[in-house]
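Below is one structure, written out as structure tokens, with a few remarks after it.
Protein chains in written order, with my numbering: chain A, 1 to 351; chain B, 1001 to 1108.
So, in structure tokens, the structure goes:
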């Protein structure tokens, strides 16, 4: 396969390098790229590969991931490996989103039943209680379902992938495949490095703020004993996603280069289906809780001129809700399709 | 309006029709489809279609000439194209028959 060489036409004139098209082709699954990349570039060198061609290529990369042509994967083990790699990445993103959700809601004590309020009339208090109770019940139950499903999902992915991971680790060690060894250790090393960096950075931030005593109410510009500011939080979240994706990319690349076979791959594929299924339940529960909290916040906000109550304004942001739900749905769709394909390929009667 | 109807064209069918008179590589397919059927296929659409048709054994790749790989329609592909052509012919006949009942609606 020729790569990014200086390609020339029959008259020896250099052909266009097509940077955008090459970038768009980078979005396709590796097997698709191996099979069609050179042909597509040859076509674009003749027909011209502008922004429109690159955009069209990028758009068609989505179905190439979601439903890759079967002929690109010679046997079902290859199909399982490809799907497992995609599941790992999508599951890591979903796990990251779940942790962000937990940090912003459950761990902040955002349980609506603790709400206390006072209204000028008994009727208004009763009416407020009657209206808010369903929201609090939904949020509380959603938290329980979310916690249980997340634990099941993490156990299924961990236990299902462990035998395959150990087999690959032993083989990489035995065959002196240092690069694969490093890739396989990334799920351990990267999160550890991230957590260490997180703890050190938070300690430094809090030390720089020069205050260890909580103020009630918090002073403007004073230290925040229970956390960091919103910009630092955003930095940690983005770094966390980068770490999660990097950690998942390691075994995904090792799967591709080591091409493991046997029952451990089938076991991992079936466990991936269970892990993703549970994660979808967790995602649904977190989405339900997020929407309920959003409605709860909007409703309580509208009551506040008449009823003296705690503000849940931070959960009333439409943009945050839309971004969160959009990311969850996208990652869940990719994970669900890949996991079902992996499980399908693991079936004994699969061709 | 006529140009907008091009959007209804079915790219897999166009590619099969293009390959019906002999093997062609990607660029030759796009040129043929544009010149004979008036539809411009983008590289993304073309290779999404080629991958699907290949997976369903309706076309097959031949030996690559440098980086350009020609494709050939298979017997199954020719049969699928013939069946589709028959369906389209019967639908076209129906269109014509219904339009003939409304003389003057279509300008000659």
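All C-beta atoms, glycine included, are put in the ideal place defined by N, C-alpha and C. These numbers come from a predicted model, not from an experiment.
Put simply, the CB of residue 70 (chain A) is near chain B, with a gap under 8 Å to one of its CB atoms.
Where residue 315 (chain A) is concerned, there is no enclosing alpha helix (DSSP H), because DSSP gives it neither an H nor an E.
For the segment 50-62 of chain A, the residues whose beta carbon sits under 9 Å from a beta carbon of chain B are, in order, 52, 53, 54, 55, 56, 57, 58, 59, 60 and 61.
Under DSSP, residue 1065 (chain B) forms a beta bridge with B:1068. At a C-beta separation below 7 Å, residue 78 (chain A) has no neighbours in chain B, since its nearest C-beta there lies roughly 14 Å away.
Rounded to whole angstroms, the separation of the alpha carbons of residue 278 (chain A) and residue 313 (chain A) is 31 Å. The three-state secondary structure of residue 46 (chain A), taken from DSSP, is helix. Under the Cβ criterion of 8 Å, residue 1018 (chain B) is not counted among the residues facing chain A.
Ranked by how close their Cα comes to the Cα of residue 96 (chain A), the residues A:208, A:173 and A:247 have A:247 in first place. Per DSSP, reduced to three states, the secondary structure at residue 1086 (chain B) is helical. By the Cβ neighbour-count rule, residue 68 (chain A) is buried, with 16 or more other Cβ atoms within 10 Å of its own. Using a Cβ-Cβ distance cut-off of 8 Å, the segment 153-161 of chain A and the segment 261-273 of chain A are in contact, since at least three pairs of beta carbons, one from each stretch, lie closer than that value. The C-alpha of residue 1012 (chain B) lies about 12 Å from the C-alpha of residue 1020 (chain B).
In this structure, the straight-line span from the alpha carbon of residue 85 (chain A) to that of residue 252 (chain A) is close to 4 Å. Straight across, the Cα-Cα distance linking residue 294 (chain A) with residue 321 (chain A) is about 8 Å. In the three-state reduction of the DSSP assignment, residue 175 (chain A) falls in the coil class. Counting only the Cα atoms, residue 66 (chain A) lies some 33 Å from residue 1035 (chain B). Within 8 Å of the CB of residue 40 (chain A), the CB atoms of chain B belong to 1026, 1043 and 1047, in sequence order along the chain. DSSP places residue 75 (chain A) outside any alpha helix (DSSP H), giving it a letter other than H or E. Taking every protein chain shown into account, the CB of residue 1063 (chain B) has fewer than 16 other CB atoms within 10 angstroms, so this residue is exposed. Contact of residue 1054 (chain B) with chain A by beta-carbon distance below 8 Å involves 69 and 71. Taking residue 152 (chain A) as the centre and dropping the five residues before and after it, the same chain places the C-beta of 278 closer than 6 Å to its C-beta, in chain order.
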